[in-house]
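In this note's numbering, the protein residues as written are 459 to 707. Ideal Cβ placement from N, Cα and C applies to all residues, glycine included. Just so you know, these numbers come straight off a predicted model, no measurement behind them. What follows is a single structure, written as structure tokens, with notes after it.
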């Protein structure tokens, strides 16, 4: 995982608008170990190039990242083995709005085959984020929970996934863990592993990331959570070994 001083250095160079140094440092970090998985670095490189007027090179960085996320969809939602995310909220917004654009454009066929109702539910995320920003995350979660058009078991599962995403994004980690635990348990009855493994992978990966954050607080927590984390990791490997490889410490 990235070191805290590396994160602090990049943030400081960005705030000081030292674009050349920022690009050089970010390039160096990108080339080290699993640096290509630390998506924040690519955001910093892209920003530095744009500020220097090097639009063509910035576009190349963005296109390369888009290619990586096409090959490994959901990578931006994962985390290093210490629980730190591959992409912070700023980077995630950049990925969703500029790098990927319309999310349905890059998802696997299994997801794109979902019904219109399913897509409508997941498409509520942007509106829910606006409500969370304006009225608070509790109001946004209540708004989602009270939607009258969510009636089937599958629709409720997708709605809870959306609520888990929102809870995690706005710092409600305990609530997110409870929701993700329920989703993971209920997934078997919905046979997600057979016809929509992407969503099940997301649930397991998000839960693993949050558990690793809790485990990092103390050795006692790590010991307590280790069996559950190993079980989640085994499930991720079974679903998609290539994507799960980046989570294996």
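Between residue 487 and residue 496, the CB-CB gap stays under 8 angstroms. According to the DSSP assignment, residue 631 belongs to the alpha helix (DSSP H) that extends over 631-644. With respect to residue 667, residue 541 sits close: the two C-beta atoms are nearer than 8 angstroms. DSSP places residue 611 in the uninterrupted alpha helix (DSSP H) bounded by 611-627. Looking from the CA of residue 499, the closest CA among 474, 603, 467 belongs to 467. Its chain contains 590, 595 as the residues whose beta carbon lies nearer than 7 angstroms to that of residue 628, once the 5 sequence neighbours on both sides are disregarded; these appear in chain order.
With a contact defined as Cβ atoms closer than 8 angstroms, residue 503 and residue 528 miss out at about 19 angstroms.
Judged by beta-carbon spacing, residue 616 lies beyond the 8 angstroms limit of residue 665, meaning their Cβ atoms are not closer than that value. The beta carbon of residue 494 sits closer than 7 angstroms to those of 488, all from its chain and outside the five residues before and after it, given in chain order. Remark: C-beta atoms of residue 599 and residue 622 do not approach each other more closely than 8 angstroms.
For residue 523, the enclosing alpha helix (DSSP H) covers residues 513-529.
Check the Cα spacing between residue 672 and each of 661, 662, 684: the tightest is with 684. With respect to residue 611, residue 648 sits close: the two C-beta atoms are nearer than 8 angstroms. In the DSSP assignment, the residues bridged to residue 543 are 537. With a beta-carbon spacing of about 17 angstroms, residue 701 and residue 550 fall beyond the 8 angstroms limit used to define contacts. Measuring C-alpha to C-alpha distances from residue 531 to each of 655, 688, 686 identifies 655 as the nearest. When DSSP states are grouped into helix, strand and coil, residue 592 belongs to the helix group. The straight-line gap separating the alpha-carbon atoms of residue 484 and residue 630 is approximately 31 angstroms. Cβ-Cβ distances below 6 angstroms link residue 626 to 634 in the same chain, with the five nearest sequence neighbours on each side left out; the list follows chain order. Taking C-beta atoms as the reference points, residue 539 and residue 670 count as a pair closer than 8 angstroms.
Counting only the Cα atoms, residue 547 lies some 15 angstroms from residue 558.
For residue 704, the closest alpha carbon among the candidates 474, 462, 537, 514 is that of 537.
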